[in-house]
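Beneath this line is the structure, given in structure tokens, with notes to follow.
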Amino acid sequence: MIHSDDAAKQVWDLLVAALAVLNGILIPLYVVYPAATGFLPVFSLIAACFFALDIALEFITAYPLGGVVVSDRKAIARRYLRGNFATDAAAAFPGLFLYSAGVFSGGYFVPLLLLPLLKLFKLGTTLRRIGEARVNPAIFRLGMLVFWILMAAHIIACVWILVSGNPEGLAPIDRYIKSFYWTMTTLTTIGYGDITPKGSGQTLFVIVIEMFGAAMYGLVIGNIAGLIANIDVAKSQYREKLDRINAFLKYRNIPDALRRKINDYYSYLWATRKGYNEIEFLHDLPVALKESVALHLNKEIIERVPLFEKAEPSLIRDIILQLEPAVFTPGDYIVRAGELGRDMFFISKGSVDVISADEKVTYATLTTGQFFGEISLLLSLPRNATIKASSFCDLYRLDKEHFDIVIERYPDFKESIRVLAAKRREETESRRK
Numbered sequence: 044m045i046h047s048d049d050a051a052k053q054v055w056d057l058l059v060a061a062l063a064v065l066n067g068i069l070i071p072l073y074v075v076y077p078a079a080t081g082f083l084p085v086f087s088l089i090a091a092c093f094f095a096l097d098i099a100l101e102f103i104t105a106y107p108l109g110g111v112v113v114s115d116r117k118a119i120a121r122r123y124l125r126g127n128f129a130t131d132a133a134a135a136f137p138g139l140f141l142y143s144a145g146v147f148s149g150g151y152f153v154p155l156l157l158l159p160l161l162k163l164f165k166l167g168t169t170l171r172r173i174g175e176a177r178v179n180p181a182i183f184r185l186g187m188l189v190f191w192i193l194m195a196a197h198i199i200a201c202v203w204i205l206v207s208g209n210p211e212g213l214a215p216i217d218r219y220i221k222s223f224y225w226t227m228t229t230l231t232t233i234g235y236g237d238i239t240p241k242g243s244g245q246t247l248f249v250i251v252i253e254m255f256g257a258a259m260y261g262l263v264i265g266n267i268a269g270l271i272a273n274i275d276v277a278k279s280q281y282r283e284k285l286d287r288i289n290a291f292l293k294y295r296n297i298p299d300a301l302r303r304k305i306n307d308y309y310s311y312l313w314a315t316r317k318g319y320n321e322i323e324f325l326h327d328l329p330v331a332l333k334e335s336v337a338l339h340l341n342k343e344i345i346e347r348v349p350l351f352e353k354a355e356p357s358l359i360r361d362i363i364l365q366l367e368p369a370v371f372t373p374g375d376y377i378v379r380a381g382e383l384g385r386d387m388f389f390i391s392k393g394s395v396d397v398i399s400a401d402e403k404v405t406y407a408t409l410t411t412g413q414f415f416g417e418i419s420l421l422l423s424l425p426r427n428a429t430i431k432a433s434s435f436c437d438l439y440r441l442d443k444e445h446f447d448i449v450i451e452r453y454p455d456f457k458e459s460i461r462v463l464a465a466k467r468r469e470e471t472e473s474r475r476k
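Taken in order, the sequence shown gives residues 44 to 476; the numbers are from the numbering used here.
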């Protein structure tokens with residue numbers, strides 16, 4: 044059984060999509076210039092074989108439904124037969140028939156030649172499924188809109204060649220370029236008038252295309268305006284928020300230095316989070332997903348702490364769920380010497396300086412992946428050093444209250460913490476003497 048999200052299946056789907064696009068380009072050209080595209084019968088046979096194999100794979104491809112992967116063969120077959128089977132079969136088997144019958148030519152078989160184009164209608168669904176987590180949805184829709192405009196223009200250009208002929212005796216490539224130019228100017232309602240219809244048939248065709256172009260022009264302009272506005276909604280909201288903040292700071296006569304620091308803080312948030320709030324994001328997730336995301340983000344940081352080296356995985360998970368993100372700007376005091384310690388910190392990004400109470404001596408610089416304040420989880424003692432952010436810092440904070448609640452559920456770990464705390468207390472008292 045194959046899963047629709049398997050990497051190999053996604054590569055296969057992209058290959059089938061590429062063949063469908065090539066068919067969409069080559070088949071209209073073959074109808075117009077069969078001699079210039081004589082390789083199409085072989086290519087169409089290859090594409091039809093891939094399409095037929097794709098039909099077979101669809102019958103053994105599991106699909107997600109309501110958070111559950113459906114792998115029952117009867118359910119898969121029933122869903123596919125009611126869905127895309129008819130169009131997929133129509134796209135695959137005419138190519139096999141035409142090639143085997145040796146009738147890859149115009150006339151009555153032109154409608155059969157065009158049937159493989161039906162595969163194009165699955166293109167958007169296929170690409171959306173593969174790229175939904177990788178591409179901005181607005182950019183994806185804009186790309187698909189441009190693709191369909193160009194594909195429609197290509198087909199109309201080929202039809203115009205059939206309708207208008209080649210009175211100038213141009214080479215196929217030159218005739219196609221000129222026809223494509225006419226199509227684009229007509230669809231975009233520019234219509235310079237340098238290429239005009241001859242006869243009633245051509246005139247009627249031009250009228251139909253102009254009506255289609257007028258409708259498409261309004262549709263495209265409206266869609267593009269909406270898509271461009273939605274390409275970066277988060278950044279627009281960020282700018283609006285920053286404008287409101289700056290207006291407030293100016294109204295309250297906040298000093299320029301502090302105003303710049305506030306602006307730098309929000310610029311950092313945008314650069315690192317793109318406007319997303321981690322706490323709000325995790326709050327909206329179900330418990331199981333929240334745990335998975337939190338573990339992915341913080342498991343390595345927690346496991347580096349000697350305090351948790353021998354802790355069982357469930358304890359690590361519970362500790363991680365108690366972490367609170369915090370951001371500090373350069374020069375911010377995270378802890379001060381002499382104040383009562385009630386929490387420890389894990390550095391996710393950035394660096395901090397460990398300095399003396401008078402700030403004359405720098406004992407150490409801690410960077411990404413390191414931690415400080417673990418003694419505060421064991422003993423409620425005054426801090427023995429000042430910690431100051433030397434850059435923008437993303438930290439995670441674990442306070443003693445939450446830590447104590449968690450270890451109540453793990454008696455063995457609590458006992459080891461009690462022994463360790465007693466040992467640290469003795470060491471602290473001996474240093475004071």
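All C-beta atoms in this analysis are idealised placements derived from N, C-alpha and C, irrespective of residue type, glycine included.
Nearest to Lys304 (by Cα), restricted to the options Trp55, Gly374, Leu160: Of Trp55, Gly374, Leu160, the residue nearest in Cα terms is Gly374.
Measuring straight from C-alpha to C-alpha, what distance separates Arg426 and Tyr311? Going by the C-alpha atoms only, they are around 29 Å apart.
For Tyr106, write down the residues that DSSP places opposite it in a beta bridge. When beta bridges are read from the DSSP output, Tyr106 appears opposite Val113.
Asn66 and Ala90: beta carbons closer than 8 Å? When the beta-carbon positions are compared, Asn66 and Ala90 come within less than 8 Å of each other.
Cβ-based neighbour list, Ser357, same chain, cut-off 6 Å, excluding 5 preceding and 5 following: Excluding positions up to five away in sequence, the list is empty.
Going by alpha carbons, who is nearest to Ile173 out of Trp191, Asp48, Leu438, Met387? Looking at the Cα atoms, Asp48 is the closest of the given residues.
To the nearest angstrom, report how far apart Pro329 and Asp361 are at their CA atoms. The alpha-carbon separation between Pro329 and Asp361 amounts to approximately 16 Å.
Under 7 Å Cβ to Cβ from Ala60, same chain only, skipping five residues before and after it: list those, please. Excluding positions up to five away in sequence, the list reads Leu166, Thr169, Leu170.
Apply the 10 Å Cβ neighbour rule to Thr408 and answer buried if 16 or more other Cβ atoms are within range, or exposed otherwise. Exposed, by the Cβ-count rule.
Which first and last residues belong to the alpha helix (DSSP H) in which Ile363 is found? Residues 356 to 363.
Thinking just about the alpha-carbon of each residue, which of Leu420, Val111, Lys317 is nearest to the one in Gln280? Nearest of Leu420, Val111, Lys317 to Gln280, Cα basis: Lys317.
Extent of the continuous beta strand (DSSP E) to which Ile220 belongs: Ile220 -> not in any beta strand (DSSP E); alpha helix (DSSP H) instead, spanning 215 to 230.
Identity of the residue in Trp203, His46, Ala380 nearest Tyr406 by Cα: Considering only alpha carbons, the answer is Ala380.
Select from Arg184, Ser335, Val202 the residue whose C-alpha is nearest the C-alpha of Tyr76. Nearest C-alpha to Tyr76: Val202.
Cβ-based burial, Lys162 [other Cβ within 10 Å; buried from 16]: Flag for Lys162 reads buried.
Since Leu420 and Phe446 should fall inside the 8 Å C-beta cutoff, what is the C-beta to C-beta distance between them, to a whole number of angstroms? That belief holds up - the Cβ atoms of Leu420 and Phe446 are roughly 5 Å apart, short of 8 Å.
Inter-residue Cα distance where the pair is Pro71 and Val64: The alpha-carbon of Pro71 is positioned some 12 Å away from that of Val64.
Exposed or buried, what is Gly150 when buried is set at 16 or more other beta-carbons lying within 10 Å of its beta-carbon? Here Gly150 scores only 47 on pLDDT, less than 50, and its place in the model should not be relied on; the value that follows carries that caveat. Looking at its Cβ environment, which holds fewer than 16 other Cβ atoms inside 10 Å, Gly150 is exposed.
Thinking just about the alpha-carbon of each residue, which of Leu301, Ile398, Asn306, Ile267 is nearest to the one in Leu285? If you compare the alpha carbons of Leu301, Ile398, Asn306, Ile267 with that of Leu285, the shortest gap goes to Asn306.
Limits of the alpha helix (DSSP H) - the one that Glu346 falls within: According to the DSSP assignment, Glu346 belongs to the alpha helix (DSSP H) that extends over 330 to 346.
Report all residues from its chain with a CB closer than 6 Å to the CB of Ala428; omit the five preceding and five following residues, and keep chain order. Ala380, Val397.
Got a sec? Which residues, its chain only, sit under 8 Å from Tyr260 by beta carbon, not counting five neighbours each side? Within the same chain, Tyr260 has close Cβ partners Leu230, Thr231, Thr232.
In chain order, what residues of the same chain lie with their CB nearer than 8 Å to the CB of Gln245, ignoring the 5 residues before and after it? Excluding the 5 residues flanking it on each side, Gln245 has same chain C-beta neighbours closer than 8 Å at Val206, Ser207, in chain order.
With 16 as the cutoff for other CB atoms within 10 Å, does Val74 come out buried or exposed? Note on Val74: 16 or more other CB atoms within 10 angstroms of its CB, so buried under the neighbour-count rule.
Pairwise C-alpha distance: Ala196 and Leu185: Cα-Cα distance, rounded: 17 Å.
N- and C-terminal bounds of the alpha helix (DSSP H) containing Val54: It spans 50 to 75 - the alpha helix (DSSP H) in which Val54 sits, taken as one unbroken run.
To which residues of the same chain is Ala354 closer than 7 Å at the C-beta, ignoring the five residues directly before and after it? Contacts found: Phe456.
With respect to the beta strand (DSSP E) encompassing Ala432, which residues constitute its N-terminal and C-terminal limits? For Ala432, the enclosing beta strand (DSSP E) starts and ends at 429 to 432.
Close Cβ partners of Leu188 (< 8 Å) along its chain, the five nearest in sequence each way excluded: So the list reads Val263, Asn266, Ile267, Leu270, once near-sequence residues are dropped.
Comparing alpha-carbon positions, which option in Ala120, Phe136, Leu108 lies nearest Ser87? Closest option to Ser87, Cα to Cα, is Phe136.
Closest by CA to Cys523, which one among Asp386, Ile252, Ala369? No answer is possible for residue 523: the residues shown for the chain start at 44 and end at 476.
Between the beta-carbon of Ala200 and the beta-carbon of Phe223, is there less than 8 Å? With contacts defined as CB atoms closer than 8 Å, Ala200 and Phe223 qualify as a contacting pair.
Whole-angstrom C-beta distance between Leu83 and Leu69, which should lie under 8 Å: Yes, they are in contact, since the Cβ atoms of Leu69 and Leu83 sit about 5 Å apart, within 8 Å.
Based on the DSSP output, what are the partners of Arg440 in its beta bridges? Note: Arg440 sits in a beta bridge opposite Glu367, Phe388.
Go through its chain and collect everything with a Cβ distance to Asp442's Cβ below 7 Å, but skip five positions before and after it. Within the same chain, Asp442 has close Cβ partners Arg385, Asp386.
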